[in-house]
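Engineer: Protein chains in written order, with our numbering: chain S, 271 to 683; chain E, 271 to 683.
Protein chains: 2
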Amino acid sequence: MSGSVSPLAPKSFVAMPALRGVRMITASAGIKYKNRTDVLLMVFDKPAAVAGVFTRSKCPSAPVDFCRSNLSHGIARAVVVNSGNANAFTGLKGRQATELTAKSAAAAVGCGENEVYLASTGVIGEPLDATKFAGVLDTMAKDATGDFWFEAAKAIMTTDTYPKVATRSAEIGGVKVTINGIAKGAGMIAPDMATMLSFVVTDADISASALQALLSDGVGSSFNSMTIDSDTSTSDTLMLFATGAAAADGQAHIERADDPKLAGFRAALNELLKDLAIQVVRDGEGATKMLEITVTGAESDASAKRIALSIANSPLVKTAAAGEDANWGRVVMAVGKAGELADRDKLAIWFGDVRVAVNGERDVTYSEEAASNVMKQQDIPVKVDLGIGNGRATVWTCDLTKEYVAINGDYRS
Amino acid sequence: MSGSVSPLAPKSFVAMPALRGVRMITASAGIKYKNRTDVLLMVFDKPAAVAGVFTRSKCPSAPVDFCRSNLSHGIARAVVVNSGNANAFTGLKGRQATELTAKSAAAAVGCGENEVYLASTGVIGEPLDATKFAGVLDTMAKDATGDFWFEAAKAIMTTDTYPKVATRSAEIGGVKVTINGIAKGAGMIAPDMATMLSFVVTDADISASALQALLSDGVGSSFNSMTIDSDTSTSDTLMLFATGAAAADGQAHIERADDPKLAGFRAALNELLKDLAIQVVRDGEGATKMLEITVTGAESDASAKRIALSIANSPLVKTAAAGEDANWGRVVMAVGKAGELADRDKLAIWFGDVRVAVNGERDVTYSEEAASNVMKQQDIPVKVDLGIGNGRATVWTCDLTKEYVAINGDYRS
Chain S
271 MSGSVSPLAP
281 KSFVAMPALR
291 GVRMITASAG
301 IKYKNRTDVL
311 LMVFDKPAAV
321 AGVFTRSKCP
331 SAPVDFCRSN
341 LSHGIARAVV
351 VNSGNANAFT
361 GLKGRQATEL
371 TAKSAAAAVG
381 CGENEVYLAS
391 TGVIGEPLDA
401 TKFAGVLDTM
411 AKDATGDFWF
421 EAAKAIMTTD
431 TYPKVATRSA
441 EIGGVKVTIN
451 GIAKGAGMIA
461 PDMATMLSFV
471 VTDADISASA
481 LQALLSDGVG
491 SSFNSMTIDS
501 DTSTSDTLML
511 FATGAAAADG
521 QAHIERADDP
531 KLAGFRAALN
541 ELLKDLAIQV
551 VRDGEGATKM
561 LEITVTGAES
571 DASAKRIALS
581 IANSPLVKTA
591 AAGEDANWGR
601 VVMAVGKAGE
611 LADRDKLAIW
621 FGDVRVAVNG
631 ERDVTYSEEA
641 ASNVMKQQDI
651 PVKVDLGIGN
661 GRATVWTCDL
671 TKEYVAINGD
681 YRS
Chain E
271 MSGSVSPLAP
281 KSFVAMPALR
291 GVRMITASAG
301 IKYKNRTDVL
311 LMVFDKPAAV
321 AGVFTRSKCP
331 SAPVDFCRSN
341 LSHGIARAVV
351 VNSGNANAFT
361 GLKGRQATEL
371 TAKSAAAAVG
381 CGENEVYLAS
391 TGVIGEPLDA
401 TKFAGVLDTM
411 AKDATGDFWF
421 EAAKAIMTTD
431 TYPKVATRSA
441 EIGGVKVTIN
451 GIAKGAGMIA
461 PDMATMLSFV
471 VTDADISASA
481 LQALLSDGVG
491 SSFNSMTIDS
501 DTSTSDTLML
511 FATGAAAADG
521 QAHIERADDP
531 KLAGFRAALN
541 ELLKDLAIQV
551 VRDGEGATKM
561 LEITVTGAES
571 DASAKRIALS
581 IANSPLVKTA
591 AAGEDANWGR
601 VVMAVGKAGE
611 LADRDKLAIW
621 FGDVRVAVNG
631 ERDVTYSEEA
641 ASNVMKQQDI
651 PVKVDLGIGN
661 GRATVWTCDL
671 TKEYVAINGD
681 YRS
């Protein structure tokens with residue numbers, strides 16, 4: 271845990287509006303941390319539609335297995351999240367912990383165990399003692415309130431230095447709906463996805479299948495376009511819930527994701543997902559810079575993204591950013607190692623508006639001073655044009671600093 | 271440039287025997303460094319057979335392009351290597367620099383330009399002023415001697431903290447032959463291959479095509495099984511030369527790589543390549559630990575290697591090693607993210623002889639103290655058994671330290 275807040279943290283936090291149909295509460299169960307909250311309960315008093323995307327790890331955590339299996343049911347009534355222990359690689363004990371938690375939450379809320387969703391974040395491989403919080407879910411369910419987003423975001427933090435919240439509104443058929451989201455994540459962050467938990471709730475009335483399509487689409491240019499350290503967690507979970515409370519204002523139920531009435535909602539959701547994803551990158555462990563890496567002129571969008579991620583994950587590019595060194599040769603290296611179609615002699619590279627290389631060599635107008643000035647910025651745009659096609663992608667990452675090594679060199683003890 | 275020698279450096283260096291048919295000399299051309307040698311000339315007075323493997327980067331350096339094009343000729347008479355400037359991403363000027371160097375070397379040695387091989391290592395994107403050394407190649411060619419291996423290894427260093435040399439001998443048809451090699455590399459090191467230059471010479475009489483087959487085979491379990499930072503250079507070059515001088519002792523010329531008489535030579539060559547590769551890993555920028563990562567029980571050898579490299583390239587595994595933290599959960603993470611076939615519940619993990627996890631959870635006999643004691647060693651063996659097949663691979667890497675960030679955060683200036 272880092273003592274100080276990321277220099278890239280938001281200067282102020284948005285005021286999170288209450289959202290009809292969901293209540294929340296946090297508690298301090300002492301799972302790992304002292305003197306802070308570490309359990310979050312979300313309650314949907316009426317069944318909410320639910321969608322989710324999860325880590326692609328071949329070694330997923332017990333809660334990821336649990337959520338995946340419930341998702342086909344399509345209804346959520348409760349979400350329990352704990353920080354401090356990931357309940358990952360915990361074998362039979364891990365499954366027992368998810369079962370106990372789900373059973374306790376179902377009893378507390380009055381729903382089926384297949385209407386409960388779980389997420390855990392923290393150390394891998396330590397058995398999670400779910401009895402620490404299972405016993406208090408009953409009281410928590412009674413005390414949960416609607417105005418708790420910021421506290422909820424705090425309870426799920428691990429090495430995060432600030433809570434991540436975002437809100438957007440949109441209209442569906444003339445009726446105003448709200449989307450609120452929280453996220454956590456600071457390390458072991460890479461597509462697809464990140465040691466990243468995020469819970470997004472809307473009061474719109476949308477079917478589970480439409481929500482799933484919206485979420486699966488939206489994640490591509492947000493959470494799946496960011497990387498802190500190329501390390502993908504066992505526990506990544508992004509869930510989207512729709513309480514349907516806006517039906518009371520006359521919002522007609524939306525069944526299909528291709529319904530034209532969803533245009534504004536889709537845009538607002540995508541904006542919110544990107545907002546949360548960038549907040550995660552800006553809290554990257556030890557980060558002092560954010561890099562926005564755009565690749566254009568690639569063979570395809572997918573190729574552009576692989577090249578952008580090769581640049582974003584390069585330790586040499588990231589340490590150069592930490593040192594404010596306009597070392598564009600390392601960008602060339604990272605393009606070259608991506609294995610994607612590229613023509614060295616057509617490559618051009620910009621730091622901010624400063625073109626540093628073109629046609630396979632240093633720009634004749636190259637100014638070390640101009641390039642270095644861009645590197646001194648907190649947010650550094652890097653652009654690479656391959657000059658061979660129309661594919662493009664943008665990804666976000668942070669620099670690699672001594673503080674990252676310090677944070678991760680002694681995390682467990 | 272780091273001021274101190276890697277703690278993983280060899281305690282002493284082997285005495286390198288002279289090798290008939292090759293002469294060498296170094297010079298200080300002031301390409302970038304002050305008060306040290308930075309140019310190496312190797313001369314083969316009689317035509318030597320030659321083989322090479324090069325970076326898979328899509329943005330190769332001008333010398334890599336030059337060598338690739340000469341290789342079909344199969345004969346080497348001179349090798350010119352400079353440190354301090356990679357002559358990579360230098361466009362037309364880069365090609366002009368290789369042409370000038372080759373022309374000067376060919377004139378100095380009295381051979382064709384297609385019998386000259388070139389390599390450059392250092393900063394990417396800066397034009398290389400080849401006139402700095404082209405003018406002195408004439409004198410160098412005259413003064414070159416046979417007993418210069420250690421000095422040669424020193425002249426090609428960049429961020430290396432020690433020169434890398436190795437020697438082996440073998441018999442071919444009862445005639446003793448020698449193999450000498452030098453290497454450089456410390457950062458931007460990853461398969462396939464590394465910012466790695468290596469030149470290996472034998473006095474055996476072997477055809478170029480057989481040499482190429484031996485080298486292409488041998489690189490898989492040596493230079494292509496090591497990674498320092500997952501960053502693949504534009505300039506990686508590994509060349510093998512055979513002077514044929516042993517023919518004077520009665521060694522019958524070897525035409526084919528599958529000649530049974532090559533068995534001993536092949537084994538000695540592979541040992542030498544592995545020796546040099548491990549010396550490179552042990553000089554990893556900022557390294558304080560070497561990790562030998564073995565994956566067994568995978569679907570195939572190729573799958574095992576991809577998983578081993580996923581572990582070896584994980585910043586979280588590498589920082590845990592730096593912190594002497596037996597954080598096997600991060601090994602689970604790295605197995606999971608590799609995208610290869612794996613069954614979480616069959617996975618077992620060892621640090622040294624200490625089994626820390628088995629059957630998808632922490633070993634019941636797990637001892638934090640025993641595992642931590644392994645992490646205190648300078649060389650840390652990590653073994654992962656997937657329990658699903660017979661595929662296996664071993665790769666080598668080093669830890670990720672604050673010193674790596676320091677070295678690379680301000681390399682250019």
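All C-beta atoms in this analysis are idealised placements derived from N, C-alpha and C, irrespective of residue type, glycine included. A quick note: this is a predicted structure, and the numbers were derived from the prediction, not measured.
1) Hey, how far is the Cα of residue 590 of chain E from the Cα of residue 522 of chain S?
2) Is any heavy atom of the ligand PLP found at a distance shorter than 8 Å from the C-beta of residue 334 of chain E?
3) According to the neighbour-count rule (16 or more other Cβ atoms, all chains shown, within 10 Å of its Cβ), is residue 525 of chain S buried or exposed?
4) Could you give the uninterrupted runs of the alpha helix (DSSP H) lying entirely in the segment 296-360 of chain S, keeping only those of 4 residues or more?
5) In whole angstroms, what is the alpha-carbon distance linking residue 548 of chain S and residue 543 of chain E?
6) Taking DSSP as the reference, what is the three-state secondary structure of residue 426 of chain S?
7) Within its chain, find whatever has a CB closer than 7 Å to the CB of residue 422 of chain E; leave out the 5 residues flanking it on each side and keep chain order.
8) With a cut-off of 8 Å, do at least 3 Cβ pairs link the segment 548-557 of chain E to the segment 656-676 of chain E?
9) Looking only at its own chain, which residues have a Cβ that is under 8 Å from the Cβ of residue 274 of chain S, when we skip the five neighbours before and after it?
10) Along chain E, which residues have their Cβ under 9 Å away from the Cβ of residue 676 of chain S?
11) What does the Cβ neighbour count give for residue 516 of chain S, buried or exposed, with the cut at 16 atoms within 10 Å?
12) Out of curiosity, what's the CA-to-CA distance linking residue 463 of chain E and residue 545 of chain E?
13) Quick one: measure Cβ to Cβ for residue 325 of chain S and residue 503 of chain S, integer angstroms, because I've assumed they're closer than 8 Å.
14) With the cut-off set at 9 Å, would you say residue 388 of chain S and residue 349 of chain S are in Cβ contact?
15) Show which residues of chain S have a CB atom less than 7 Å away from the CB atom of residue 598 of chain E.
16) Does the distance from the CB of residue 391 of chain S to the CB of residue 454 of chain S come in under 9 Å?
17) Could you list the residues in the segment 654-665 of chain S with a C-beta less than 7 Å from some C-beta on chain E, going in chain order?
18) Cα-Cα, which of E:357, E:494, E:480 and E:443 is closest to residue 330 of chain E?
19) If contact is defined by three or more beta carbon pairs under 8 Å, each pair taking one atom from either stretch, is the segment 561-574 of chain S in contact with the segment 644-652 of chain S?
20) Between residue 541 of chain S and chain E, is any beta-carbon pair separated by less than 9 Å?
21) Rounded to whole angstroms, what's the CA-CA distance from residue 307 of chain S to residue 353 of chain S? Just pull it up for me.
22) Starting from the beta carbon of residue 627 of chain S, find every residue of chain E whose beta carbon is closer than 8 Å, and list them in chain order.
23) Of all the CB atoms in chain S, is at least one closer than 9 Å to the CB of residue 585 of chain E?
24) For residue 360 of chain S and residue 394 of chain S, I'd like the C-alpha separation in whole angstroms.
25) Looking at residue 286 of chain S: is its Cβ nearer than 9 Å to the Cβ of residue 450 of chain S?
26) So with CB distances below 9 Å, who are the chain S contacts of residue 501 of chain E?
27) Restricting to Cα atoms, I'd like to know which of S:427, S:473, S:435 and S:466 is closest to residue 446 of chain S.
28) Would you identify the three-state DSSP class for residue 274 of chain S, choosing helix, strand or coil?
29) Would you say residue 530 of chain E reaches chain S, if we count a Cβ-Cβ gap shorter than 9 Å as a contact?
30) In chain S, which residues lie less than 8 Å from residue 612 of chain E when you measure between Cβ atoms?
31) Grouping DSSP H, G and I as helix and E and B as strand, with all else coil, what is residue 558 of chain E?
32) Give me the chain E residues within the contact set of residue 504 of chain S, using Cβ-Cβ distance strictly less than 7 Å, ordered along the chain.
33) For the alpha helix (DSSP H) containing residue 545 of chain E, name the first residue and the last one.
34) Give the straight-line distance between the Cα atoms of residue 279 of chain S and residue 500 of chain S, rounded to the nearest whole angstrom.
35) Buried or exposed: where does residue 638 of chain S fall if 16 or more other Cβ atoms within 10 Å of its Cβ makes it buried?
36) Can you pull the DSSP bridge partners for residue 610 of chain S?
Structural biologist: In this structure, then:
1) 53 Å
2) The ligand PLP is absent from the structure shown, which contains no ligands of any kind.
3) exposed
4) 332-341
5) 44 Å
6) coil
7) 294, 296, 310 and 452
8) yes
9) 431
10) 589, 593 and 672
11) buried
12) Low per-residue confidence applies at residue 463 of chain E: pLDDT is 38, beneath 50, and the placement is therefore not dependable, though the value from the model is reported in the following sentence. Distance between the alpha carbons of residue 463 of chain E and residue 545 of chain E: 16 Å.
13) 6 Å
14) yes
15) 395
16) yes
17) none
18) E:357
19) yes
20) no
21) 9 Å
22) 359 and 395
23) yes
24) 8 Å
25) yes
26) 584, 585, 586, 587, 600, 603, 604 and 607
27) S:473
28) coil
29) no
30) 328 and 329
31) coil
32) 602, 603 and 606
33) 533-552
34) 21 Å
35) exposed
36) The partner list for residue 610 of chain S (beta bridge, DSSP) is empty, contrary to what the question assumes.
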